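Here the sequence shown is numbered in the working numbering, starting from 60 and rising by one per residue. What follows is a single structure, written as structure tokens, with notes after it.
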Amino acid sequence: MATRRGPAPNPSAVRRNTTHALGEKPLTGKAGAGRELPKALGIETSAAKRFWKTWSRAPQTEDWMETDWAELELTTKLVDLFYQGDTKLAGEIRQRVGKWGATTEDRARLRMSFDKQVEMESAKTPKAASDTDIDAELFKLLSEG
Numbered sequence: 060m061a062t063r064r065g066p067a068p069n070p071s072a073v074r075r076n077t078t079h080a081l082g083e084k085p086l087t088g089k090a091g092a093g094r095e096l097p098k099a100l101g102i103e104t105s106a107a108k109r110f111w112k113t114w115s116r117a118p119q120t121e122d123w124m125e126t127d128w129a130e131l132e133l134t135t136k137l138v139d140l141f142y143q144g145d146t147k148l149a150g151e152i153r154q155r156v157g158k159w160g161a162t163t164e165d166r167a168r169l170r171m172s173f174d175k176q177v178e179m180e181s182a183k184t185p186k187a188a189s190d191t192d193i194d195a196e197l198f199k200l201l202s203e204g
């Protein structure tokens, strides 16, 4: 039998960290209207343009303020530089998109949840042809370095 260290837990204990300061954030899971990529950013790579298109239409952007859109502009510029060969920016990009709920783990940490029906419908859509081009572009970039 395993031995326990310390006192036994109180059976009537109440958790105090069950509510999050920002609360739960249910998301519709539907792509929004998005915004056009500002031409003033000077984005050159197709991968960065795809990054903007993906994030500007993401369900997370439903409640974004101007400061959030400015952050997306900065991050898109970093993605553009990344695809031009500055691979040292990968960590910075990952940290920034993590704050928006890029992965399942990020969304769990941020207490975001999607409508399951919409999530299942979006999983059924086939991969776009341009995704293959972007994968090839990234492969070529990483192979050269």
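Beta carbons are placed, not taken as given, at the ideal position from N, Cα and C, and that holds for glycine. No experiment lies behind these values; they were computed from the predicted model shown.
For residue 159 and residue 135, which I take to be in contact (beta-carbon distance under 8 Å), what is that distance rounded to the nearest angstrom?
In this structure residue 159 is not in contact with residue 135, their Cβ atoms being roughly 12 Å apart against a cut-off of 8 Å.
Where residue 71 falls: helix, strand or coil (DSSP):
coil
Can the beta-carbon of residue 101 be found less than 8 Å from the beta-carbon of residue 115?
The beta carbons of residue 101 and residue 115 sit no closer together than 8 Å.
State the DSSP-derived secondary structure class of residue 102, mapped to helix, strand or coil.
coil
Classify residue 141: buried if its beta carbon has 16 or more other beta carbons within 10 angstroms, exposed otherwise.
Residue burial is scored here from C-beta neighbours: residue 141 has at least 16 other C-beta atoms within 10 angstroms and is therefore classed as buried.
Whose C-alpha, out of 95, 153, 162, is nearest the C-alpha of residue 128?
Ranking 95, 153, 162 by Cα distance to residue 128 puts 95 first.
If you count every other CB in all the chains shown that lies within 10 Å of the CB of residue 66, and 16 or more means buried, which is it?
Residue 66 should be labelled exposed.
In this structure, how does DSSP classify residue 165 when only helix, strand and coil are distinguished?
helix
Taking 8 Å as the limit between beta carbons, can you name the residues of its chain near residue 208, skipping five residues before and five after?
No answer is possible for residue 208: it lies beyond the span of the chain, which begins at 60 and ends at 204.
At a cut-off of 7 Å, would you count residue 170 as near the ligand COA, judging by its Cβ distance to the nearest heavy atom?
Annotation note on the ligand COA: not contained in the displayed structure, which lists no ligands.
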